[in-house]
Amino acid sequence: DDACGTCNGDCTESGGGCVNDDSTADNYGDTCSSWYDANGGCGNWDDDDFNAAEQCCACGGGDITSGTISCGDGSCDCDGNVDAGCGCGEAGPSGCDNACGSTLENDACGVCGGDGSDDLGCGCFEAGPSGCDNACGSTAELDECGVCDGGGIAEGACDCDGNVDAGCGCGEAGPSGCDNACGSTAELDDCGVCAGGNAAMDDCGICDGGNASYDCNNDCSGSLSAGTWVNTNPAGQVDPSAPTTVFGSADDGSWNLSPCVWLDSPSTIDNGDGTVTITSVYGSDADHACELSSGVFNGEVTTTNVSTHDVAAGYAIVGDVEFTLSSANSSNFSVTSTGTFDSIGDDYSLNGSLSGGSSGGAVVDMCNTCDDDASNDCVQDC
Numbered sequence: 001d002d003a004c005g006t007c008n009g010d011c012t013e014s015g016g017g018c019v020n021d022d023s024t025a026d027n028y029g030d031t032c033s034s035w036y037d038a039n040g041g042c043g044n045w046d047d048d049d050f051n052a053a054e055q056c057c058a059c060g061g062g063d064i065t066s067g068t069i070s071c072g073d074g075s076c077d078c079d080g081n082v083d084a085g086c087g088c089g090e091a092g093p094s095g096c097d098n099a100c101g102s103t104l105e106n107d108a109c110g111v112c113g114g115d116g117s118d119d120l121g122c123g124c125f126e127a128g129p130s131g132c133d134n135a136c137g138s139t140a141e142l143d144e145c146g147v148c149d150g151g152g153i154a155e156g157a158c159d160c161d162g163n164v165d166a167g168c169g170c171g172e173a174g175p176s177g178c179d180n181a182c183g184s185t186a187e188l189d190d191c192g193v194c195a196g197g198n199a200a201m202d203d204c205g206i207c208d209g210g211n212a213s214y215d216c217n218n219d220c221s222g223s224l225s226a227g228t229w230v231n232t233n234p235a236g237q238v239d240p241s242a243p244t245t246v247f248g249s250a251d252d253g254s255w256n257l258s259p260c261v262w263l264d265s266p267s268t269i270d271n272g273d274g275t276v277t278i279t280s281v282y283g284s285d286a287d288h289a290c291e292l293s294s295g296v297f298n299g300e301v302t303t304t305n306v307s308t309h310d311v312a313a314g315y316a317i318v319g320d321v322e323f324t325l326s327s328a329n330s331s332n333f334s335v336t337s338t339g340t341f342d343s344i345g346d347d348y349s350l351n352g353s354l355s356g357g358s359s360g361g362a363v364v365d366m367c368n369t370c371d372d373d374a375s376n377d378c379v380q381d382c
């Protein structure tokens, strides 16, 4: 057998030629030749002093203890193993790290032997979900209002609802009203008193009047001076969609009637002579106050107007017009005045004059009678 254990093989060593060591003998005196002859070839026979493989090599002409054995097929030992750079029979460089016997592989992020932990869900080597919005690489935090990445309480505000402190506490109504108190809704009354509730106004609507114009019948007493009246859009003839109104004022400025809107025409009487007498009532609505301001009475009124019209002449006014102003909310004021129709304005309004009139005036005579008849004063009828 040669050094590789093959009978009559061609095993050689890189260190040079083999020398027949026939002088070697074992404890029994057997030389290489006699050992070979006795066994018929290289086998597993051994004794106390001989190693069968060494003896076989020596008999075959080689020295197993020197040089590098080559079996002619690239193997490095008698088992056919090779040396891939990591030792005879050892696994060679492999894996992603090219290490001896390595089985490592690149993970999804290209890391040799990695476990994929470099991808936290946002891409390899990228920052993972974080922040209050759980977004990739987020640094967002909850603001003081609990809003993720919010701006917190707005500039000028005092809380998260956007309220401001106007000087009365966060979110509380600020100074307001005629008294400038926190959250106040106080208003000036008709007498100019803040939150006065018109307590300074007497029963005739006169501020601080003390009912001085009240007569013994509890009527507002006094006279309205002469003035003028205006009737706009009469009977809706100018603009059917617009209201018809009436208003007036004193020539001396002592009284003023704000616009009153037409409410009703409860009576139209045919006079049998080609004329009709129409009664119309004017008062207030959401857009018209119909208020009288005077030294006799202040407040909301209604005005009942009675006029005669020539039908054939397009309902032109004939003769005087009668105006009666009455308190809209009580029966303590009423004054009647006659008027004339004078002209038609550029806007087709009717314009006229008022003679003025008186309201109340009853007094208590010597018999304790309250009336406005001076002729029976001091008459002993009681």
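When we follow UniProt numbering, the leftmost residue of the sequence shown carries the number 1, and every step to the right adds one.
C-beta: ideal position from N, C-alpha, C; glycine also.
When C-beta atoms of the region 220-232 are compared with those of the region 251-271, three or more pairs fall below 8 Å, so the two segments count as touching.
Distances from the alpha-carbon of G87 to those of G95, D77 and G116 put D77 closest. Taking the C-beta atoms as reference points, T139 is found nearer than 8 Å to G131.
Taking N351 as reference, the option from T340, G162 and E300 with the minimal CA-CA separation is T340. Check the Cα spacing between G248 and each of C220, T303 and G209: the tightest is with T303.
In the three-state reduction of the DSSP assignment, P234 falls in the helix class, which pools H, G and I. DSSP places W255 in the coil class of the three-state scheme, outside both helix and strand. The region 327-341 and the region 191-199 do not touch, with fewer than 3 CB-CB distances between them shorter than 8 Å. Annotation for D320: the continuous beta strand (DSSP E) segment containing it runs A316 to S327.
Within the DSSP secondary-structure output, V335 pairs in a beta bridge with L325. Its chain contains T245 and S349 as the residues whose beta carbon lies nearer than 6 Å to that of T232, once the 5 sequence neighbours on both sides are disregarded; these appear in chain order. Note that the region 285-294 does not touch the region 208-216; fewer than 3 beta-carbon pairs, one per stretch, sit closer than 8 Å. In terms of CA proximity to D270, A312 leads the group D239, C370, E291 and A312. Annotation for F297: no beta strand (DSSP E) segment contains it, and DSSP assigns it neither H nor E. In the three-state reduction of the DSSP assignment, L120 falls in the coil class. When beta bridges are read from the DSSP output, L350 appears opposite N231 and I344. Between the beta-carbon of I206 and that of N298 there is about 6 Å, and that keeps the pair under the 8 Å contact cut. Secondary structure of P243 (DSSP, three-state): coil. Counting only residues of its own chain and dropping the five nearest sequence neighbours on each side, A242 has a CB closer than 6 Å to the CB of N233.
Between D159 and G171, the C-beta gap is smaller than 8 Å, which places the two residues in contact. Nearest to T275 by C-alpha distance, out of S294, C367, D251 and Y315, is Y315. If you look at G210, you'll find it isn't in any beta strand (DSSP E); DSSP assigns it neither H nor E. According to the DSSP assignment, V276 belongs to the beta strand (DSSP E) that extends over T275 to G283. Under the three-state reduction of DSSP, M201 is assigned to strand. Our two residues, C148 and D119, have alpha carbons roughly 25 Å apart in a direct line. Judged by DSSP in its simplified three-state form, G113 adopts coil rather than helix or strand.
When the Cα atoms are used, N332 and F323 turn out to be separated by approximately 17 Å. T336 is the residue among T336, A157, L142 and D143 whose C-alpha sits nearest the C-alpha of G357.
Per DSSP, reduced to three states, the secondary structure at A289 is coil, with no helix or strand assignment. With 16 or more other Cβ atoms from the protein chains shown falling within 10 Å of its own Cβ, V321 counts as buried. The beta-bridge partner set that DSSP reports for C100 consists of P93. The shortest CA-to-CA distance from A362 to any of W229, A91, S94 and C220 is the one to C220. In chain order, L120, G121, C122, A135, C136 and S138 place their CB closer than 8 Å to the CB of P129, counting only its own chain and leaving out the 5 sequence neighbours on each side.
Each of N198, G167 and G196 was checked against the Cα of G183, and the nearest Cα belongs to G167.
One Cα belongs to S307, the other to D208, and the distance between them is close to 38 Å. For L224, the enclosing beta strand (DSSP E) stretches over residues G222 to L224.
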